[in-house]
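Chains as they are written, first to last, in this note's numbering: chain A, 35 to 521; chain B, 1067 to 1163. For reference, the structure is listed below as structure tokens.
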Amino acid sequence: MDKDIAGFSAVELAEKIRSKKISCVEAAGASIERIKRLDPRVKAFVTVTEKEALEAAKLIDDKIARGEAAGALAGVPVAIKDNMMIAGIPTTCSSKILKGYTAPYDATVIEKLKNEGAVFVGKTNLDEFAMGSSTENSAFFTTRNPWNTDCIPGGSSGGSAASVAAMMAPLALGSDTGGSIRQPAACCGVVGLKPTYGRVSRYGLVAFASSLDQIGPFARTVEDAAVLLKVISGHDPKDSTSVDIAVPDYAASIKKDIRGLRIGLPEEYFAKGLDGEVETAVREAVKVLEKLGAIVKKISLPHTEYAIAVYYIIAPCEASANLARYDGVKYGFRAECSNLLEEYEKTRGEGFGPEVKRRIMLGTYALSAGYYDAYYGKAQRVRTLISRDFENAFREVDVIAAPTAPTSAFRLGEKAQDPLQMYLSDIYTISSNLAGIPAVSVPCGFTRAKLPVGLQLMGRPFDEEMILRAGYAYEKNTVWSEEHPNV
Amino acid sequence: MKITEKDVEYVARLARLELTGEEKVKFTGQLESILSYIDKLNAIDTKNVPPTSHALSLKNVWREDKLELCPENVRETMLSNAPEREDDFFRVKKVIE
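Right, dumping it as structure tokens:
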């Protein structure tokens, strides 16, 4: 029974709950049972909220029994990356510095999910403060890739991606600052979408780089991702960067066909550094879209090679400011010292892990007196050029198709000693954060070693519909969404 | 860009980060290699390019300046998250001698 429930998509499960074939308590129980059975190997969860999940499920069952509307995701289990706040539950950011911290309120995305009846089964592991591409920077443990537990799940939202791939929950939320939803989605063979900057409120998301961060969905199907995106999207007075424009019914519009859709292949994304097997899988995927009526043409995004350099100025600068708040005064860990200055330094020195320190150092250096214009100022100007590349491209095409990551999931420890090599894992995902455009990773096959490959589809600002539509058409005409790891 | 251990110590002080001797050595090398990678940006002429501080060109988002009280349970959770608390205050070391 539990396997059947775990195998349902969110849309199927919601329908079975609505028609009372499955209760919310059964659905939550099946998810928790699977987490208990598989998570000792996968290690996707930092906190499993069994008691809260079963209580919430019971309340929704009661609502349904009374014939009340219980919401679009009534009874559907959802896993949440542990940098978003659920009131009354610890938020750790997989960092020692938030030791003992309990979230005082719900993030807006959590409030929206609660309103639609979703049930939270736990908080998932991440690279500390979302800085990393493998979850190896978690202060607690490394999450394993469900397809091969010797490999990384990607990051930073590796726990969320792995939990969905291992069918511990049909849906999860992640956050994406430079690829942290799409790259783990590609590594774990699931759908992961970074919405347009401003599409989803970040209120209650722990800030990393405020001009780049976005929250987005993980799912095993494009349709599920579309349903979840609709629930979390929309303007929020509590996040002044969220935009007040209508939220489309994504799940309805994705089913339109893609005849005449213009797809651009950026030559810079198929260059040196791209793994041959990944390239083959992505090019095959583009052929499928072409057969379905899309018009494929070559395009150029000439400033692509500068994206990583721009990102590794802008993100650390913003992070160094955002992470100044962890000082051992208001929350979390404090190293006791005889005076305040030493206490700040020791608290932060002991509380943060190596990658977080490295980025705080890099950002502080780049913002320090005499360097601002040379680094931050320069990076902001090149950022403009990267955005213009996309504006120009989207005059000719509707969607840009590319690999999500240059390789499939690498082995644990393979890149842990070389920060720059690790940063290059995000070479194809970073540009859309800099430009603020939406992008989705959809599974498009496997390497010979049976590791998943992701196809990335990028769209115009606020045109998530178009990339979801292309992703849906592709998924419906291929078999990848039906393959699951044998954990 | 040449980075010295002295630079690392100076920046660590600005960032209020205590680093071990080993970390200082490691960060000196790593910051230098990351910054020399970033130096590739100097190949682009950006004299006439405006900076992007934000992916959207939002300006002056206003709201009504009205008081909203923090619910009691939220306030209480916030205060009890503090490593040291005295009544309704966060307790810190003496700043002024």
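Built from N, CA and C at the ideal position, the CB exists for glycine as well.
- The Cβ-Cβ distance between Ala-408 of chain A and Pro-350 of chain A does not fall below 8 Å.
- Residues of the segment 439-471 of chain A with a C-beta atom less than 7 Å from some C-beta of chain B are Pro-453, Leu-454, Ala-469 and Gly-470, listed in chain order.
- Under the Cβ distance rule, Lys-391 of chain A counts among the residues neighbouring chain B, one pair being separated by less than 8 Å.
- Three or more Cβ pairs drawn from the segment 204-221 of chain A and the segment 244-264 of chain A lie within less than 8 Å of each other, which places the two stretches in contact.
- Listed by position along chain A, the residues whose Cβ is nearer than 7 Å to that of Thr-1118 of chain B are Gln-414, Arg-417, Thr-418 and Ser-421.
- For Val-316 of chain A, the uninterrupted alpha helix (DSSP H) run begins and ends at 310-325, by DSSP.
- Under a 10 Å Cβ-count criterion, Cys-58 of chain A is classified as buried, with 16 or more other Cβ atoms of the shown protein chains found around its own Cβ.
- Residue range 433-437 is occupied by the beta strand (DSSP E) that includes Ala-436 of chain A.
- For Ser-372 of chain A, there is no enclosing beta strand (DSSP E), since its DSSP letter is neither H nor E.
- Phe-1156 of chain B reaches chain A at Val-363 and Lys-364, counting residues in chain order whose Cβ is nearer than 8 Å.
- When Cβ-Cβ separations below 8 Å define contact, Glu-1084 of chain B makes contact with chain A.
- DSSP places Asn-426 of chain A within a helical segment (H, G or I) once states are collapsed to three.
- A:Tyr-345 is the residue among A:Tyr-345, A:Leu-489 and A:Asn-426 whose C-alpha sits nearest the C-alpha of Ile-1104 of chain B.
- A direct Cα-Cα distance of roughly 33 Å separates Pro-251 of chain A from Glu-384 of chain A.
- Distance from the CA of Met-118 of chain A to the CA of Lys-146 of chain A, rounded to the nearest whole angstrom, comes to 13 Å.
- The beta carbons of Arg-236 of chain A and Val-198 of chain A sit about 21 Å from each other, so the pair does not count as a contact at 8 Å.
- In the DSSP annotation of this structure, the continuous segment of the beta strand (DSSP E) that includes Ala-206 of chain A starts and ends at 205-210.
- DSSP links Phe-79 of chain A through a beta bridge to A:Thr-158.
- Secondary structure of Thr-169 of chain A (DSSP, three-state): coil.
- Under DSSP, the beta-bridge partners assigned to Val-474 of chain A are A:Leu-227 and A:Leu-491.
- Rounded to whole angstroms, the separation of the alpha carbons of Tyr-378 of chain A and Arg-494 of chain A is 44 Å.
- Among the residues facing chain A, Lys-1132 of chain B is not included, as its CB has no counterpart in that chain under 8 Å away.
- Around Leu-1080 of chain B, the beta-carbon contacts reaching into chain A at under 7 Å are Thr-398 and Ser-402.
- Identification of chain A residues near Arg-1151 of chain B by a Cβ-Cβ cut-off of 9 Å yields none; the smallest Cβ-Cβ distance measures about 10 Å.
- Per DSSP, the beta-bridge partners of Glu-1152 of chain B are B:Phe-1155.
- In the structure shown, Ala-243 of chain A falls within a coil segment according to DSSP collapsed to helix, strand and coil.
- Secondary structure of Met-1144 of chain B (DSSP, three-state): helix.
- Thr-1112 of chain B reaches chain A at Lys-412, Arg-415 and Val-416, counting residues in chain order whose Cβ is nearer than 7 Å.
- Judged by pairs of C-beta atoms under 8 Å, the segment 158-165 of chain A touches the segment 181-192 of chain A, as three or more such pairs exist.
- Per DSSP, the unbroken alpha helix (DSSP H) holding Gly-505 of chain A starts and ends at 498-510.
- For Arg-393 of chain A, the uninterrupted alpha helix (DSSP H) segment begins and ends at 388-401.
- Using a Cβ distance threshold of 8 Å, Gly-470 of chain A and Thr-230 of chain A count as a contacting pair.
- In the DSSP assignment, Cys-185 of chain A forms a beta bridge with A:Arg-445.
- Counting only unbroken stretches of 4 or more residues, the alpha helix (DSSP H) elements lying wholly within the segment 1068-1135 of chain B are 1071-1080 and 1087-1104, in sequence order.
- Relative to Ala-99 of chain A, the option among A:Glu-67, A:Ser-53, A:Leu-485 and A:Val-110 whose CA is nearest is A:Ser-53.
- In the DSSP assignment, Pro-350 of chain A falls within the unbroken alpha helix (DSSP H) covering 341-356.
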